[in-house]
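Colleague: Heads up: the sequence lines are chains A and B, in that order.
If you use my numbering, the first sequence corresponds to residues 1 to 113, in order.
If you use my numbering, the second sequence corresponds to residues 1001 to 1114, in order.
All residues carry an ideal CB built from backbone N, CA and C; glycine is no exception.
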Amino acid sequence: DAGVIQSPRHEVTEMGQEVTLRCKPISGHDYLFWYRQTMMRGLELLIYFNNNVPIDDSGMPEDRFSAKMPNASFSTLKIQPSEPRDSAVYFCASSSTPNYGYTFGSGTRLTVV
Amino acid sequence: AQSVTQLDSQVPVFEEAPVELRCNYSSSVSVYLFWYVQYPNQGLQLLLKYLSGSTLVKGINGFEAEFNKSQTSFHLRKPSVHISDTAEYFCAVRAMNRDDKIIFGKGTRLHILP
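1) Report the residues of the segment 1058-1074 of chain B with a CB closer than 9 Å to any CB of chain A, ordered along the chain.
2) Is residue 1041 of chain B helix, strand or coil when you go by DSSP?
3) Taking C-beta pairs closer than 9 Å, name the residues in chain B that residue 90 of chain A reaches, listed in chain order.
4) On the three-pair Cβ rule with 8 Å, is the segment 1065-1076 of chain B touching the segment 33-45 of chain A?
5) Identify the contact partners of residue 1046 of chain B in chain A, using a Cβ-Cβ distance below 7 Å as the criterion.
6) Does the segment 1029-1036 of chain B come close enough to the segment 1049-1066 of chain B to have 3 or more Cβ pairs within less than 8 Å?
7) To the nearest angstrom, how far is it from the Cα of residue 61 of chain A to the Cα of residue 1110 of chain B?
8) Below 8 Å on the Cβ atoms is my guess for residue 1105 of chain B versus residue 1037 of chain B; work out the distance and round it to an integer in Å.
9) Hey, would you say residue 76 of chain A sits closer than 7 Å to residue 22 of chain A, going by beta carbons?
10) Consult DSSP for residue 1112 of chain B and reduce its assignment to one of helix, strand or coil.
11) Compare the beta carbon distance of residue 1022 of chain B and residue 1007 of chain B with 7 Å and say whether it is the shorter of the two.
12) Is the shortest distance between the beta-carbon of residue 106 of chain A and the beta-carbons of chain B less than 7 Å?
13) Listed in chain order, which residues of the segment 24-46 of chain A have Cβ atoms closer than 7 Å to some Cβ of chain B?
14) Do residue 20 of chain A and residue 112 of chain A have their beta-carbon atoms positioned less than 7 Å apart in this structure?
15) Would you check if the segment 49-60 of chain A and the segment 68-75 of chain A touch, i.e. whether three or more CB-CB distances between them fall below 8 Å?
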């Protein structure tokens, strides 16, 4: 099993540009989570899906952020327009059941200049 | 709602010495508890978990944790640390109900001194 796959690993973009982060969960996992990690705020849950349906998006900071899961093997997190304060490491995680914890991807380090 | 408090943001310890990373949680319902480890420039990995049964849980890399319901704690311990244990450690909690979110603490950075 290749684990949770995120792309790109690093992204540098200019303020105002659209950014799309991608995630492929582990096959058979029906929960998918998007987290953001910064030094100041630690690990924040942005949104999570169950069977491709968004369950809780209360952590999405504002309307500039959107997430989709068109099928069981793919999810995107989009920021439009991006701002310097969006700079962070964004993690995707998946789980077959939360009782067993999550499997995290390696993350996407986003820098907005 | 649940919350997790990791009392120490950083813990320095000499190589081969024992270490304890402290975690306290708050919840009005029964919980599942987890410890995750994040090595530099990597994602989080599950170290160990408490779901039920024995309150002493053993995980990977020689770590163990003890669930103490009366003190609402789930401290992580290792009898002898190695330089390769340098990482950030996150305690996490999830309520035993339909809420599927795991709540993470702010992390404790473990520094191993030579």
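Modeller: Checking against the coordinates, here is how it stands:
1) none
2) coil
3) Residues of chain B passing the Cβ test: none, with the nearest at roughly 11 Å.
4) no
5) 101
6) yes
7) 30 Å
8) At roughly 13 Å, the Cβ-Cβ gap does not stay under 8 Å, so residue 1105 of chain B and residue 1037 of chain B are not in contact.
9) yes
10) strand
11) yes
12) yes
13) 31, 42, 43, 45
14) no
15) yes
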